[in-house]
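Here is the structure we will look at, set down as C-alpha cells.
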C-alpha cells in the first residue's frame, strides 16, 4: 500500500469540494448567459469547470476512504485489546472529528456579520442565498456544535453522515470481516442503496463505508495494473455524471459514483508503485491538512464573496463573472491554506493526542499497533 497516494487522494478530493463551493457561490450560468449568451465560449468554460470539480463525487471518495481507514484502525485495535477496542475507537473518533469542527463554527460566527451582507446580492446563486439561516440563535449554535444542525457550515452535512456511520462502523466492520456474513451484508447494503428510499436519509452512503471496510480484506491480483486503472478511474469519476444525468436520479448516480470511488481506493490500496501525480509532496501535504481545509473553507468563501460584492460591487461580478469567481478561488486558497496548517498542527493534532491519552487512561494502554495501521489511523 502506498500511503502517499492515499493521503494525496484525500487532498485532491478536498480541493474539488472547495472548488465546487467557490464556483457555485455566484450564479455563473445565469450571469454568463445574460452577458455572453448560452452558446458562448465563457459558458462552456464555466460548465466544464463545474463538472470537473464534481464535489459530490469527491465526498463519496471521502466516505470510501473513511471505511478503509477505519477498518485498518479497528483491525489493529481489536487484535491488540479485545475488551475495549470499540470504546477506544469511539473516543478517538470523537476527538478526531469535533475539535476542528468547533473551530469552524467559531470561524463562521466570527465572520457572520460580514457573510450576511453578501447573501442578498443579486449575483449570488439560489443555493448560496439559502446556505445560511436568516438568523443565528443560541440553540442553532448548540446544535451545530453537536453536528446536528449543519447550516452554519454547509460541509458539516457530510460530517453528520460520517458521525452516524462512525457509530455504526464497529458493527459494519464485524459483519464485513466475518466470511459468513460478508457477502450477504454487502448485498443488503447494495439493495438499500438501490431501493427507492429518499436521498435525504443518506442510507445509500452505507455502501461506501461497507465497501471501504472490505478493501483491507481483499487480496491483490497478480500482474494487475493498479496504477494505470486507478488513475484512469479518476476522470471517469469526475465526468461520469455528465453521461448519467437525465437517465438516473441523483441517488442512483451517487451509488454508481460510490462503486467507481471503491475501484479507485482499491487500486491505490494494492498499488505498490509510485504514482507520478499523487506522490508529489504538495498533494500529500494537502491530504494531511485536508480535514481542516474541508471544515474551514466554507465560511471563508462566503466572507470573501461578501468582500468582493462590497468592494467591487455587484455590477463587477455581473460584468466579469468568470474573473470574479477565479479571484474568489485564489483568495480562498490564500487564506484557507495557512489557517488550515495552523489548525492541523494546534487543533487536529492536539485533539488526536488527547483522544489517544484518554482512551489509554480509561480503557488501558493498547499494544503498539503495526506501522501501517498507525500511519493510516492518523489521517
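In the numbering used here, the protein residues as written are 11 to 389.
Beta carbons are placed, not taken as given, at the ideal position from N, Cα and C, and that holds for glycine.
Note to self: Please report the straight-line C-alpha distance between residue 225 and residue 176, rounded to a whole angstrom.
What the structure shows: 17 angstroms
Next item on the list: State the Cα-Cα distance for the pair residue 34 and residue 94, rounded to the nearest angstrom.
Entry: 45 angstroms
Check: In this structure, does DSSP put residue 258 in helix, strand or coil?
Finding: strand
Item checked: Proximity below 8 angstroms, CB of residue 151 to CB of residue 115 -> yes
Margin query: Tell me which residues share the same chain as residue 7 and place their Cβ nearer than 7 angstroms to its Cβ, disregarding the 5 neighbours each side in the sequence.
Written below: Because the chain in this structure spans residues 11 to 389, residue 7 falls outside the shown range and cannot be described.
Next item on the list: Could you check if residue 235 is buried or exposed, using at least 16 other CB atoms within 10 Å of its CB as the buried criterion?
Entry: exposed
Margin query: What does the Cβ neighbour count give for residue 367, buried or exposed, with the cut at 16 atoms within 10 Å?
Written below: exposed
Next item on the list: Report the option in 227, 338 and 281 whose CA atom is closest to the CA atom of residue 14.
Entry: 281
Item checked: Best match in 253, 131 and 111 for proximity to residue 166 [C-alpha to C-alpha] -> 111
Check: What is the DSSP secondary structure of residue 234, counted as helix, strand or coil?
Finding: coil
Next item on the list: Go through the region 293 to 363 residue by residue and report every complete run of the alpha helix (DSSP H) that reaches 4 residues or more, in order.
Entry: 300 to 322, 324 to 329 and 331 to 353
Note to self: Taking 8 angstroms as the threshold (C-beta atoms), are residue 279 and residue 74 in contact?
What the structure shows: no
Notebook entry, point to check: In chain order, what residues of the same chain lie with their CB nearer than 7 angstroms to the CB of residue 36, ignoring the 5 residues before and after it?
Noted result: 133, 134, 135, 327, 331, 334 and 335
Note to self: Suppose the cutoff is 7 angstroms on Cβ atoms and the five residues either side in sequence are ignored; what does the same chain contact list for residue 32 look like?
What the structure shows: 311, 335, 338, 339 and 342
Note to self: So if DSSP puts residue 36 in a beta bridge, which residue, or which two residues, is it bridged to?
What the structure shows: 134
Next item on the list: Using beta-carbon positions only, say whether residue 149 and residue 161 come within less than 8 angstroms of one another.
Entry: no
Notebook entry, point to check: Should residue 294 go down as buried or exposed, given a rule of 16 or more other Cβ atoms within 10 Å for buried?
Noted result: buried
Item checked: residue 116 - containing alpha helix (DSSP H), residue span -> 95 to 128
Notebook entry, point to check: Are residue 99 and residue 83 closer than 8 angstroms when you measure CB to CB?
Noted result: yes
Check: Over what stretch of residues does the alpha helix (DSSP H) that includes residue 57 continue unbroken?
Finding: 51 to 63
Notebook entry, point to check: Roughly how many whole angstroms lie between the Cα atoms of residue 90 and residue 96?
Noted result: Because residue 90 sits at a pLDDT of 46, beneath the cut-off of 50, its placement in the model cannot be relied upon, and the point is left open.
Next item on the list: To the nearest angstrom, report how far apart residue 269 and residue 218 are at their CA atoms.
Entry: 8 angstroms
Margin query: Closest to residue 79 by C-alpha separation, out of 306, 275, 323 and 284, would be which residue?
Written below: 275
Notebook entry, point to check: Rounded to a whole number of angstroms, what is the C-alpha to C-alpha distance between residue 104 and residue 186?
Noted result: 23 angstroms
Notebook entry, point to check: Is residue 233 buried or exposed, if buried means 16 or more other CB atoms sit within 10 Å of its CB?
Noted result: exposed
Notebook entry, point to check: Which residue comes first and which comes last in the alpha helix (DSSP H) that contains residue 285?
Noted result: Unbroken run through residue 285: none, as it is neither H nor E.
Check: Quick one, which of 163, 50, 290 and 259 has its alpha-carbon nearest residue 22's?
Finding: 290
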